[in-house]
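All remarks here apply to the structure that follows.
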Amino acid sequence: MPRGVAIPGLRQELFAAVERLIAADGPGRLTGRAVTREAGVATGLLHAHFANFDDFLTGYAVDRSFQISGEVAGLPDRAGSGTVTGNLCTAVLATPLATLTALTRLTASRPELTAHVEAVLGSDVAGLRGIERAVAGYLAAEQRLGRMPAAADAGALATALVGVLHHVALTDRDDSAQDQIRRVIRALTQGSPAAAPS
Numbered sequence: 138m139p140r141g142v143a144i145p146g147l148r149q150e151l152f153a154a155v156e157r158l159i160a161a162d163g164p165g166r167l168t169g170r171a172v173t174r175e176a177g178v179a180t181g182l183l184h185a186h187f188a189n190f191d192d193f194l195t196g197y198a199v200d201r202s203f204q205i206s207g208e209v210a211g212l213p214d215r216a217g218s219g220t221v222t223g224n225l226c227t228a229v230l231a232t233p234l235a236t237l238t239a240l241t242r243l244t245a246s247r248p249e250l251t252a253h254v255e256a257v258l259g260s261d262v263a264g265l266r267g268i269e270r271a272v273a274g275y276l277a278a279e280q281r282l283g284r285m286p287a288a289a290d291a292g293a294l295a296t297a298l299v300g301v302l303h304h305v306a307l308t309d310r311d312d313s314a315q316d317q318i319r320r321v322i323r324a325l326t327q328g329s330p331a332a333a334p335s
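Under the numbering used here, the first residue of the sequence shown carries the number 138, and numbering increases by one thereafter.
The following block contains the structure:
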């Protein structure tokens, strides 16, 4: 790339490079040089946009936490339509597993990132907390409509679902991960009506 030529979407190219590197080698070998090499840009471009590598990783974690929360934000509004299982699967799997995996592995290896994300977005959005909050709100709304058992603990079910996402992100590397998530969602929502009451 010639010097002085702006690269549209550079931040997102660098963030995508982080995800590819974590998928290939885990978060322990991340460096600024590795990220820029993976993105195919000059090393100095990362430092032209971020104060240092830690600032870059915070930027990544904030961006992806915001993206994940945005994907599930409208979930409670779907209560009463479609199926409970289908709504949860659609919302939870809207974020690419590569993103969920990279963010989970990165924050597990660098716990301080969670505090940095919380400082920017608030504690309800950092990491996968946005999913937990939205799922709990959605299941509670479905309970009020009689589409989830009244005795079900919506908060505990949401926590269990996020636990599965963490497990998949930290252990699975194959194409069966989405199927595993769908199976767990079906198990968690078993006994709920298949469709909205007519």
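No residue lacks a Cβ here, since even glycine has one placed at the ideal position from N, Cα and C.
- In this model, valine 178 and leucine 325 are separated by some 45 Å (Cα to Cα).
- The alpha-carbon separation between glutamate 249 and alanine 171 amounts to approximately 21 Å.
- When the beta-carbon positions are compared, valine 321 and glutamate 279 stay at least 8 Å from each other.
- In the same chain as glutamate 175, and ignoring 5 residues on each side of it, the C-beta atoms closer than 7 Å to its own belong to Ala154, Arg157, Leu158, in chain order.
- Only residues of its own chain outside the window of five on either side were considered, and among them Asp261 have a CB closer than 6 Å to the CB of arginine 270, listed in chain order.
- Note that the stretch 187 to 197 touches the stretch 239 to 259; at least 3 beta-carbon pairs, one per stretch, sit closer than 8 Å.
- Around the beta-carbon of alanine 256, fewer than 16 other beta-carbon atoms lie within 10 Å, marking it exposed.
- Here threonine 232 is not near histidine 303, since their CB atoms are 8 Å or more apart.
- For phenylalanine 187, there is no enclosing alpha helix (DSSP H), as DSSP marks it with neither H nor E.
- Around the beta carbon of serine 246, fewer than 16 other beta carbons lie within 10 angstroms, which makes this residue exposed.
- When secondary structure is reduced to three states using DSSP, alanine 198 falls in the helix class.
- When the Cα atoms are used, alanine 288 and alanine 273 turn out to be separated by approximately 14 Å.
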